[in-house]
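Undergrad: Before anything else, here's the structure in question.
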Amino acid sequence: MVLRNSLSLITALVAVLTSAGAWAGDAEAGKGLYPVCTACHGPAGQGNQAMNAPKLAGQESWYLVKQMQLFQNDARGTAPGDMQGMQMAAMAKGPQLASEEALQNLAAYIGTFPVEPVAPTVTGDVEAGKAAYMVCAACHGDKAQGNEAMAGPRLAGQSDWYLVNQIKKFKQGQRGYHDMDHGGRQMRPMVATLTDDAAINNVVAYINSLQ
Numbered sequence: 007m008v009l010r011n012s013l014s015l016i017t018a019l020v021a022v023l024t025s026a027g028a029w030a031g032d033a034e035a036g037k038g039l040y041p042v043c044t045a046c047h048g049p050a051g052q053g054n055q056a057m058n059a060p061k062l063a064g065q066e067s068w069y070l071v072k073q074m075q076l077f078q079n080d081a082r083g084t085a086p087g088d089m090q091g092m093q094m095a096a097m098a099k100g101p102q103l104a105s106e107e108a109l110q111n112l113a114a115y116i117g118t119f120p121v122e123p124v125a126p127t128v129t130g131d132v133e134a135g136k137a138a139y140m141v142c143a144a145c146h147g148d149k150a151q152g153n154e155a156m157a158g159p160r161l162a163g164q165s166d167w168y169l170v171n172q173i174k175k176f177k178q179g180q181r182g183y184h185d186m187d188h189g190g191r192q193m194r195p196m197v198a199t200l201t202d203d204a205a206i207n208n209v210v211a212y213i214n215s216l217q
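Numbering of the sequence shown is given in the working numbering, commencing with residue 7 and proceeding in unit increments.
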């Protein structure tokens with residue numbers, strides 16, 4: 007009974023804090039933190055394929071904060087061969103981003119960026135990709151809109167080349183290898199259903215159709 011009452015109290019408190027925006031970051035404060043990100047991710051978070059830097063605009067704040075924390079805690083960006091991850095881990099460990107408040111502020115500022123459609127660079131069989139995406143929908147949403155409760159980030163509108171690269175990183179063990187990365191660990195067996203490059207391209211081509 008005591009445990010049940012405690013859980014109910016925690017649930018109620020979380021609801022109050024969330025509804026009150028207690029965990030929302032300060033976009034204006036985050037603006038001052040973003041310049042270090044610009045060289046790779048662009049001034050409006052549009053991404054840069056030449057730098058292997060993903061699009062940030064349109065991604066949900068909870069996911070941005072979580073990934074930064076994974077980089078900071080060596081739960082991402084430490085696998086052999088993941089050069090881009092190592093570069094990002096070094097940037098994430100800057101002293102100005104050491105607190106969760108700073109990360110929330112940075113994510114809030116990124117949330118102010120306009121969300122523009124991306125030009126497809128990957129071709130594939132969209133219908134085959136739609137069928138393959140069925141195993142993704144539970145975590146990422148039927149429209150690839152993301153699902154925080156399932157630790158699934160938004161995929162729709164993300165640069166397709168980046169999606170392809172990250173699927174391959176999961177398959178190669180360069181992501182989802184650390185106990186702290188629960189979302190990444192549950193992603194590992196899912197990408198195993200994409201048996202070759204053609205299957206990866208197909209599912210990414212389908213995700214392209216959702217933006």
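We put the CB at the ideal spot given by N, CA and C, even for glycine.
All values derive from a computational prediction rather than experimental measurement.
(1) Output the distance between the C-alpha atoms of residue 108 and residue 101, rounded to the nearest integer angstrom.
(2) In chain order, which beta strand (DSSP E) runs of at least 3 residues are fully inside the stretch 26-54?
(3) Note down the Cα distance separating residue 198 from residue 211, rounded to an integer number of angstroms.
(4) Quick one: complete beta strand (DSSP E) runs, 3+ long, within the stretch 171-208?
(5) Could you work out which residue in 206, 62, 118 and 103 is closest to residue 78 when comparing CA atoms only?
(6) Given this structure, state the Cα-to-Cα distance separating residue 208 from residue 190, to the nearest angstrom.
(7) If you draw a straight line from the C-alpha of residue 192 to the C-alpha of residue 182, how long is it?
(8) Here's the rule I'm using: 16 or more other beta-carbon atoms within 10 Å means buried, otherwise exposed. How should residue 188 be labelled?
(9) Have a look at 91, 81, 94 and 162 and flag the residue whose alpha-carbon is nearest the alpha-carbon of residue 63.
(10) Where are the beta strand (DSSP E) runs, 3 residues long or more, that stay fully inside the stretch 82-115, in chain order?
(11) Hey, residue 145 and residue 157 are a contact pair by Cβ (cut 8 Å); roughly how many whole angstroms apart?
(12) Per DSSP, what kind of secondary structure is residue 162 in: helix, strand or coil?
(13) Hey, could you find the ends of the alpha helix (DSSP H) residue 77 is sitting in?
(14) Does the CB of residue 195 have a neighbour CB from chain D at under 9 Å?
(15) Measuring CB atoms only, is the stretch 41-61 touching the stretch 73-87, in the sense that at least three cross pairs come out at less than 8 Å?
(16) Which of the three DSSP states, helix, strand or coil, is assigned to residue 153?
(17) Given that a residue counts as buried once 16 or more other Cβ atoms are within 10 Å of its Cβ, and exposed if not, what is residue 67?
(18) Going along the chain, which residues of its own chain have a beta-carbon closer than 6 Å to the beta-carbon of residue 119, five neighbours each way excluded?
(19) Can you pull the DSSP bridge partners for residue 59?
(20) Consult DSSP for residue 211 and reduce its assignment to one of helix, strand or coil.
(21) Whose C-beta lies closer than 8 Å to the C-beta of residue 166 among residues of the same chain, with five residues either side of it excluded?
TA: Quick look at the numbers:
(1) 10 Å
(2) none
(3) 18 Å
(4) none
(5) 103
(6) 21 Å
(7) 8 Å
(8) exposed
(9) 162
(10) none
(11) 7 Å
(12) coil
(13) 67-78
(14) Protein chains in the displayed structure number just one, and chain D is not present.
(15) no
(16) strand
(17) buried
(18) 50, 51 and 63
(19) 54
(20) helix
(21) 124, 126, 127, 128, 210, 211, 213 and 214
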